[in-house]
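Chemist: Read left to right, the sequence shown gives residues -18 to 260 (our numbering). A single structure is presented below for examination.
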Amino acid sequence: MKDAEGVQFLQGCLPKLGLVWPGYRKVRRQVYKQIQRRLESLSLSTVADYQRYLETHPEEWTVLDSLCWISISRFYRDKAVFEFLEQEVLPSLARQALAEGGSTLRCWSIGCAGGEEPYSLSLLWKLTLEARFPAIRLAILATDVDDQAIARAQRACYTPSSLKDLPESWRMKGFDRTSEGFWMIKPEFREPVTFLKQDIRQALPEETFHLILCRYLAFTYFEGPLQSKTLRDVIARMHVGGAIVLGKNERLPDGDAGLIPWSEKEGVYRRAPAALMVP
């Protein structure tokens, strides 16, 4: 697939899926590869053939939607964000949970890809904070729409390159080296994490969370109205005083009433107490 025809195809199709082209500009070639494999499975020669196929097979739009999901991640992505979580956010949320008589700190990783983000959070907690808050148990729900991503996350086996940003001591304490040269996360760091296939656009967990990580998904790929809806849904699942973390350079959509900055530099916002919320 030539780049020009791929760009034209995505610019025409993404809005029909509630997605926006700018978010895909840097990752478009990965989407091309997935679409190309789909063309081959349908015995179609060109993207123009696929466009015509979409017009006559409306159910194919669901397949195309799945091809546009990008599962890229690595451990400890955006080091400064995880340092801020370690130094400020998680200790504050743990103290809040204790003050409220709680014993569980609930976290939600949205669009968890291969599990690198939720496992990074588990490593952070167990290696730096658990001893300070022995009465608090960390529970992480990690969701993704991609079956294959969930399967990779549950295998918990990673290439050396995906661990390149992780502190060396964490890698040595948190992983076992396999005979094939991969790194497998140890059971005690897997235990706090539960994986679930779920599409944030269609379904939400039932519980509320102290910390929600929504990075490099809704506020990168979703169109404006869908971003706003997702934000409302996420806020509704946030514990009062809880925090949400966005990706670097992501911005909240308009209508973010109820959130106050914790660190705009690191993309961290807090759900304001009721007394501070704008009616």
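Each residue gets a CB set at the ideal place from its N, CA and C atoms; glycine is no exception.
Thinking C-alpha only, which one of P173, K178, Q208, I181 is nearest L86?
Modeler: Per the Cα distances, P173.
Chemist: Roughly how far, in whole angstroms, is the beta-carbon of A75 from the beta-carbon of I117, given that I think they are within contact range, below 8 Å?
Modeler: Right, their Cβ atoms sit about 5 Å apart.
Chemist: Can at least three beta-carbon pairs, one atom from the segment 168 to 185 and one from the segment 123 to 131, be found at a separation below 8 Å?
Modeler: In short, these stretches touch, since the Cβ pair count reaches three.
Chemist: Is the separation between the beta-carbon of S54 and that of E(-14) shorter than 9 Å?
Modeler: Going by C-beta atoms, S54 is not nearer than 9 Å to E(-14).
Chemist: With DSSP collapsed to three states, give me the class of V221.
Modeler: Residue state, collapsed to three classes: strand.
Chemist: Would you grab the beta carbon distance between G228 and H191 for me? Rounded to a whole angstrom, and I think it's under 8 Å.
Modeler: Not confirmed; about 20 Å, so no contact.
Chemist: Skipping 5 residues on each side, what residues in its chain have a beta carbon closer than 7 Å to that of L25?
Modeler: Correct list, in chain order: Y31, Y34.
Chemist: Take the Cβ of K107 as the centre, count every other Cβ of all protein chains shown within 10 Å, and call the residue buried at 16 or more, exposed below.
Modeler: Looking at its Cβ environment, which holds 16 or more other Cβ atoms inside 10 Å, K107 is buried.
Chemist: Tell me which residue opens and which closes the alpha helix (DSSP H) that L45 is part of.
Modeler: 41 to 48 is the extent of the alpha helix (DSSP H) around L45.
Chemist: What would DSSP say about R232, mapped onto helix, strand or coil?
Modeler: Reduced to three states, the DSSP call for R232 is coil.
Chemist: Tell me which residues share the same chain as A94 and place their Cβ nearer than 7 Å to its Cβ, disregarding the 5 neighbours each side in the sequence.
Modeler: S52, I53, S54, D125, A130.
Chemist: For L(-2), which of helix, strand or coil comes out of DSSP?
Modeler: Here L(-2) sits in helix by DSSP.
Chemist: Check for me: the beta strand (DSSP E) holding Y250 runs from which residue to which?
Modeler: Its beta strand (DSSP E) spans residues 249 to 252.
Chemist: Any idea which residues DSSP pairs M153 with across the strands?
Modeler: Answer is none; M153 lacks a bridge partner.
Chemist: Just the Cα atoms here: how many angstroms apart are L66 and T109?
Modeler: So the alpha carbons of these two residues sit roughly 11 Å apart.
Chemist: To the nearest angstrom, how far is it from the Cα of L102 to the Cα of R113?
Modeler: Rounded to whole angstroms, L102 to R113 spans 16 Å at the Cα level.
Chemist: Quick check: the Cα distance between P39 and D128, rounded to an integer number of angstroms?
Modeler: About 22 Å.
Chemist: For A120, does the three-state DSSP call read helix, strand or coil?
Modeler: Three-state result, A120: strand.
Chemist: Which whole-angstrom value is the C-beta distance of W2 and Q(-8), which I expect to be below 8 Å?
Modeler: 5 Å between Cβ atoms; contact.
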